[in-house]
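*Asks:* Position one of the sequence shown corresponds to residue 1 (full-length UniProt numbering), numbered consecutively onward.
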Amino acid sequence: MDEFGLDQYEAVQDDDQNSQDVEDEEEGEDLMENMERDYRAQPHLDAYDAAEFDDETVDDGDYAARMAAVRAAEQEMDHRDAARVATTGGVPGRRRLPDVLEALDDGDEVGGGEGRRRKRGRRAADSSAPSGISGGDAEDDMADQPAADIFSIRGPLLQWVSQDWVALEVKRRFRNFLRTFTTSPASGATGAEGTPRHLYYIDQLSQLAKNNQLSLDLLYEHFSSVEPGLAIWLADAPRQILDYLGEAATDVLIQMFSSQVADMYAAAGRTLRIHVRLAGLPICDSIRDLRNYHINALVRVTGVVTRRSGVFPQLRLVRFDCAKCGYTMGPFALSGPGSFSGGAGGSGDG
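1) From Phe332 to Ala82, what distance separates their C-alpha atoms?
2) Within 10 angstroms of the Cβ of Asp30, are there 16 or more other Cβ atoms? Answer buried if so, exposed if not.
3) Go through its chain and collect everything with a Cβ distance to Trp160's Cβ below 6 Å, but skip five positions before and after it.
4) Quick one: is Arg175 buried, meaning 16 or more other Cβ sit within 10 Å of its Cβ, or exposed?
5) Relative to the alpha-carbon of Val252, which residue among Asp236, Tyr201 and Val226 has its alpha-carbon at the smallest distance?
6) Once the 5 residues before and after Gly330 are set aside, which same chain residues still bring their CB inside 7 Å of it?
7) In angstroms, rounded to a whole number, what distance separates the CA positions of Leu334 and Thr302?
8) So what's Met329 in DSSP terms, helix, strand or just coil?
9) Can you tell me whether Ala279 is helix, strand or coil according to DSSP?
10) Whose C-alpha, out of Pro228, Leu242 and Thr183, is nearest the C-alpha of Ala167?
11) Indicate the three-state DSSP secondary structure (helix, strand or coil) for Ser259 in the structure shown.
12) I want to know whether the stretch 275–287 touches the stretch 213–226 - three or more CB-CB distances under 8 Å.
13) Alpha carbon to alpha carbon, how far is Gln240 from Leu234?
14) Please report how far the alpha carbon of Gly350 lies from the alpha carbon of Tyr327, in whole angstroms.
15) Under 8 Å by Cβ, that's how I've got Asn211 and Arg270 pegged, so tell me the actual separation to the nearest angstrom.
16) Please return the same chain residues whose Cβ sits closer than 8 Å to the Cβ of Glu227, not counting the five positions on each side in sequence.
17) Helix, strand or coil, according to DSSP, for Asp236 in the structure here?
18) What does DSSP give as the partner residue(s) for Ser215 in the beta ladder?
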């Protein structure tokens, strides 16, 4: 008995439990013990029943006649396909399954929703695209097209959103958001039912193009109400997602004003590349609460600016002119900050 009144106990091994575990492991059927029994002779089962045989001779007829029947059937199917193409449109020479089998094939295709999306995209390519929209854009932004499952994340988020097919789906969703999001004209917020509404971001893009501007303000409340999953990604991986949103906004602007909008920006000395600026992030963090897990994430802080540095321009395009021969190299696009060391121009021989 120690000073606390507790006895010193020794660990006692449970021999009964261990022996029971060994017995459980030894129980079971030995598959190799009675293997020979499966190969013993059984004459009453190893012979076919003569009553089940069909010994009648089948006359296949003339080979030429059978081939003529096959060709006639193929010609009949070709005529039927040509009539369908003439009445409903489609690609000649592509034979379709019956409607019932096509419905079953859509449901059983390997790949689930992704496979059905590819098949539906192929069908959309068979028909003419709506006027004013190119075939690729109409196929890419069809309202009834099932979306790819981009939210079944496998691996780190930054690596996941860097995949090409995820980037395409993010841009498709944002293009659809810009074209369809409506608000109340009076308040700028989503209007009640029956209130006159207008396409908020289409109007913003129109004003942006008229003023030769490149920044589109995106309200987080608007985006999260339509695409909550992408709104979370926007806060967790802002660098990649904002790049995708900018590319999608540029595509929408070009579709609104055709390719002439790029010439209009070029005449003003600017390159057409819309930059999406996020506003209204709901969570506000204190500067003292920022930690290492906030790195590469989108944060909102408040404070008073007591000192600031100058605003330095960022070099995006560089061009080199040779002082001897006048040869011009470039322009070269710079993807990040840093100096660019260009080579010398021509040798001076012109």
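A virtual CB, placed ideally from N, CA and C, is assigned to each residue, including glycine.
*Replies:* Judging by the given coordinates:
1) Between the alpha carbons of Phe332 and Ala82 lies a gap of roughly 53 Å.
2) Looking at its Cβ environment, which holds fewer than 16 other Cβ atoms inside 10 Å, Asp30 is exposed.
3) Beyond the five residues adjoining it in sequence on each side, Trp160 comes within less than 6 Å, by CB distance, of Ile153 in the same chain, given in chain order.
4) Classification for Arg175: buried.
5) The candidate whose alpha carbon is nearest that of Val252 is Tyr201.
6) For Gly330, same chain residues with a beta-carbon under 7 Å away, outside a window of 5 residues either side, are Val318, Arg319 and Phe320 in chain order.
7) When rounded, the separation of the alpha-carbon atoms in Leu334 and Thr302 is 32 Å.
8) Here Met329 sits in strand by DSSP.
9) It is a strand residue.
10) Checked all of Pro228, Leu242 and Thr183; the closest Cα to Ala167 is Leu242.
11) Reduced to three states, the DSSP call for Ser259 is coil.
12) They touch, by the three-pair rule.
13) Across the structure, Gln240 and Leu234 are spaced so that their CA atoms are roughly 8 Å apart.
14) Any reading at Gly350 needs caution, since the residue's pLDDT is 38, under 50, leaving its predicted position unreliable; the model's value is listed next. When rounded, the distance between both Cα atoms is 8 Å.
15) With a contact defined as Cβ atoms closer than 8 Å, Asn211 and Arg270 miss out at about 11 Å.
16) Closer than 8 Å at Cβ, skipping near neighbours: Arg173, Phe174 and Phe177.
17) Reduced to three states, the DSSP call for Asp236 is helix.
18) Partner(s): His275.
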